[in-house]
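Accompanying notes for the structure given below.
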Amino acid sequence: MINSIKSRGKVKSKKKTAEKNFTVTKYGVGGVNRPNIKSRGTFCGFTALHYAAYHGHLECVQMLSSHGALVEQELGASQNKMTPLMIACQRGHFSVARWLVQSASAKPDKKDKLKRTSLMLACMNGHAHILTYLLHIGCDSNAKDSSGNSPLHYAVAYGWYFCVKILLSVDTVCEVTNDWKLHHLAENTNKSKEDAVC
Numbered sequence: 001m002i003n004s005i006k007s008r009g010k011v012k013s014k015k016k017t018a019e020k021n022f023t024v025t026k027y028g029v030g031g032v033n034r035p036n037i038k039s040r041g042t043f044c045g046f047t048a049l050h051y052a053a054y055h056g057h058l059e060c061v062q063m064l065s066s067h068g069a070l071v072e073q074e075l076g077a078s079q080n081k082m083t084p085l086m087i088a089c090q091r092g093h094f095s096v097a098r099w100l101v102q103s104a105s106a107k108p109d110k111k112d113k114l115k116r117t118s119l120m121l122a123c124m125n126g127h128a129h130i131l132t133y134l135l136h137i138g139c140d141s142n143a144k145d146s147s148g149n150s151p152l153h154y155a156v157a158y159g160w161y162f163c164v165k166i167l168l169s170v171d172t173v174c175e176v177t178n179d180w181k182l183h184h185l186a187e188n189t190n191k192s193k194e195d196a197v198c
């Protein structure tokens, strides 16, 4: 009985000293010993930076990066090893994506588990504004993923007219087939193909 009381006292004292090392800010918990801010995440690998990029919270992304969050930290294999930049591009958060590239030196041509780049993820989800920015900073418009699909394949397959138009305005190779020997025009059988003809 006495040992359990002493052990409880030690736990409480450790808890009190741990509480002194942390301060609560409007962004969450911060302080001297930031145990989860850099690389520790959930079971899928989501860190605070991944969540901030997913929800488009630019101020949180800036604060986390300034406190040492790893910008190139990948998610787990079940989440295709995506980086915060890839998540921001996939979700259409332009300000977050631009800040990660310009200020935090995120690599826009980095590939995920399926060898998809941030540009491909923007094309898959129809985010023409992010696509334009990534092309402007020099991302490869002819990159291929693990199935041999290019950004043009994805833009046509998902029916994103403006993404197709932007990709055709740059030096995108049109006569390319994927690993199943499908041309990008064969990707979209339900939509009008005249707009995507090279």
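Numbering (full-length UniProt numbering) for the sequence shown: 1 to 198.
All C-beta atoms in this analysis are idealised placements derived from N, C-alpha and C, irrespective of residue type, glycine included.
CB of residue i within 7 Å of CB of residue j, strictly
i, j, result
"V164", "A155", "yes"
"A104", "S78", "no"
"F94", "A128", "no"
"A88", "A53", "yes"
"L75", "G45", "yes"
Expected contact under 8 Å - CB spacing of residue i and residue j to nearest Å
i, j, result
"V96", "L58", "5 Å"
"H136", "P84", "Their Cβ separation, rounded to whole angstroms, is 20 Å, which puts H136 and P84 out of contact at 8 Å."
"residue 202", "D145", "A question about residue 202 goes unanswered here, because the residues of the chain that appear run from 1 up to 198."
"T172", "N142", "6 Å"
Sequence-distant residues of the same chain with beta carbon closer than 7 Å to residue i, five excluded per side
i, result
"N178", "S147, G148, N149 and H153"
"D112", "N80, K81, M82 and M86"
"L131", "L119, A122, C123, C163 and I166"
"D109", "T117, C139 and D140"
"R91", "Y54 and G56"
"G126", "Y158, W160 and C163"
"L134", "P108, S118, L119 and A122"
Cutoff 6 Å; reference residue i; Cβ partners in own chain excluding five residues on either side
i, result
"residue 202", "In the structure displayed, the chain extends from 1 to 198; residue 202 sits before or after that span and is not available."
"E72", "T83"
"L182", "none"
"V176", "S150"
"A106", "V71, L85 and L100"
Cutoff 8 Å; reference residue i; Cβ partners in own chain excluding five residues on either side
i, result
"Q62", "W99 and S103"
"V170", "L135 and S141"
"R34", "Residue placement at R34 is poorly supported in this model, since its pLDDT is 47, which falls under 50; the coordinates still yield a value, given next. Same-chain partners within the cutoff: H67 and G68."
My parser needs the beta strand (DSSP E) runs of 3 or more residues fully inside the UniProt repeat "ANK" (44-69); what are they? none
Extract the residue ranges of the alpha helix (DSSP H) inside the UniProt repeat "ANK" (147-179), only unbroken runs of 4 or more that lie entirely within it. 151-157 and 161-169
Jot down the residue ranges of each uninterrupted alpha helix (DSSP H) in the UniProt repeat "ANK" (114-146), minimum 4 residues, whole runs only, in chain order. 118-124 and 128-136
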